[in-house]
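J.:
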Amino acid sequence: MAFLVENPLAARLLADPDLAVSLKPFMKGPATVKDLAQAQGLSLQQAHYRVGLFLKAGLLKPVGVRRRRGRPVRLYQAVDTDFRIPRELVPERVLRALEAAQSWQEEWQKALEAHDPGYGAVLRVFLNPEGLLEFGAEEEPDLLAEDFPPLVNLWSAGLYLRREEAKALQRELLALYHRYAALAEARKEEGQARYLLHLGLAPAP
Numbered sequence: 556m557a558f559l560v561e562n563p564l565a566a567r568l569l570a571d572p573d574l575a576v577s578l579k580p581f582m583k584g585p586a587t588v589k590d591l592a593q594a595q596g597l598s599l600q601q602a603h604y605r606v607g608l609f610l611k612a613g614l615l616k617p618v619g620v621r622r623r624r625g626r627p628v629r630l631y632q633a634v635d636t637d638f639r640i641p642r643e644l645v646p647e648r649v650l651r652a653l654e655a656a657q658s659w660q661e662e663w664q665k666a667l668e669a670h671d672p673g674y675g676a677v678l679r680v681f682l683n684p685e686g687l688l689e690f691g692a693e694e695e696p697d698l699l700a701e702d703f704p705p706l707v708n709l710w711s712a713g714l715y716l717r718r719e720e721a722k723a724l725q726r727e728l729l730a731l732y733h734r735y736a737a738l739a740e741a742r743k744e745e746g747q748a749r750y751l752l753h754l755g756l757a758p759a760p
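Residues 556 to 760, numbered by the working numbering, are exactly what the sequence shown covers, in order.
(1) What three-state label does DSSP hand residue 625 in the structure shown?
(2) Can you give me the start and stop residues for the alpha helix (DSSP H) that residue 747 sits inside?
(3) Applying the criterion that 16 or more other CB atoms from any shown protein chain within 10 Å of the CB defines a buried residue, is residue 828 buried or exposed?
(4) Below 8 Å on the Cβ atoms is my guess for residue 578 versus residue 614; work out the distance and round it to an integer in Å.
(5) Would you call the CB atoms of residue 564 and residue 580 closer than 9 Å?
(6) For a test of the three-state rule: what should DSSP assign to residue 711, helix, strand or coil?
(7) DSSP three-state label for residue 559, please.
(8) Taking three-plus beta-carbon pairs below 8 Å as touching, is the stretch 568-577 in contact with the stretch 627-646?
(9) What did DSSP end up calling residue 642 once you bin it into helix, strand or coil?
(10) Alpha carbon to alpha carbon, how far is residue 639 from residue 748?
(11) With a Cβ-Cβ cutoff of 9 Å, do residue 556 and residue 633 count as a contact?
(12) Between the Cα of residue 561 and those of 641, 584, 589 and 606, spot the shortest distance and give me the residue it belongs to.
(13) Let's test the definition: count the other Cβ atoms within 10 Å of the Cβ of residue 605 and tell me whether it reaches 16, buried, or not, exposed.
(14) Give me the DSSP bridge partner(s) of residue 634.
(15) For residue 588, which residues does DSSP report across the bridge?
(16) Assign residue 588 to buried or exposed, taking buried as 16 or more other Cβ atoms, counted over all protein chains shown, within 10 Å of its Cβ.
(17) Could you tell me the alpha carbon to alpha carbon distance between residue 631 and residue 751, rounded to whole angstroms?
(18) Could you check which residue in 636, 603, 595 and 584 has the C-alpha nearest to that of residue 618?
(19) Just how far apart, CA to CA, sit residue 608 and residue 626?
(20) Go through its chain and collect everything with a Cβ distance to residue 594's Cβ below 7 Å, but skip five positions before and after it.
(21) Less than 9 Å separating the beta-carbons of residue 709 and residue 729?
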């Protein structure tokens, strides 16, 4: 049974992707403020502030201490791993941004422009070799070249499939995502970087 959120502060925090992601380490099990800072590249001050907000909102609870030389470190854990938030508790501005994936779109746009400064200068609408209409940049770089970053930005306006083919594609996309997500989760090491990923598939209206 999912945790029903009744605290307005908790609702606002969970509806903000930039803040809600900081609850993730504590949803996996007991963790410290330092664990949060290291997992998400935050300063200790930023991590302390977010933990304080989560405690105030009732999303975190103290669950003990981690023994070490000197003073023990406090451990915290999320009160649940699944939250239901009544819409009336979420400010309209936050709700609109969330439903439009505004923060993710802005971060995605910045990432594209950072790795390809010419991106977006000219819109290109073209028929690809498979006969599908695509939208993209004026000049498509060699995406698979070793010196090009791991970046793909593909939208198709008309992928015609039978329902069973679309379901197979859905399963394959999700399986591919879960495969790499599990790999990243199991192997925490130097040299790993954070990547943005958006998967979308829907019957056209």
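Don't be surprised by glycine CBs; every beta carbon is placed ideally from N, CA and C. As the structure is a computational prediction, the values presented were derived from the model and not from experiment.
T.: In brief:
(1) Note: residue 625 maps to coil in three-state DSSP.
(2) Run containing residue 747: none; DSSP gives neither H nor E here.
(3) Any question about residue 828 goes unanswered here, given that the chain covers just 556 to 760.
(4) Indeed they touch by this definition, with Cβ atoms about 6 Å apart.
(5) The answer is no: Cβ separation not under 9 Å.
(6) In this structure, residue 711 counts as strand in the three-state DSSP scheme.
(7) Look at residue 559 here: in three-state DSSP terms it is strand.
(8) Yes, the stretch 568-577 is in contact with the stretch 627-646.
(9) When DSSP states are grouped into helix, strand and coil, residue 642 belongs to the helix group.
(10) Counting only the Cα atoms, residue 748 lies some 31 Å from residue 639.
(11) Using a Cβ distance threshold of 9 Å, residue 556 and residue 633 do not count as a contacting pair.
(12) Checking every option, the nearest Cα to that of residue 561 belongs to 641.
(13) When all chains shown are included, residue 605 counts as buried.
(14) Paired residues: none, contrary to the question.
(15) Bridge partners of residue 588: none, in fact.
(16) When all chains shown are included, residue 588 counts as buried.
(17) Taking the Cα positions, residue 631 is about 28 Å away from residue 751.
(18) Residue 584 is the option with its Cα nearest to residue 618.
(19) Per the coordinates, the alpha-carbon of residue 608 lies some 23 Å from the alpha-carbon of residue 626.
(20) Contacts found: 580.
(21) No.
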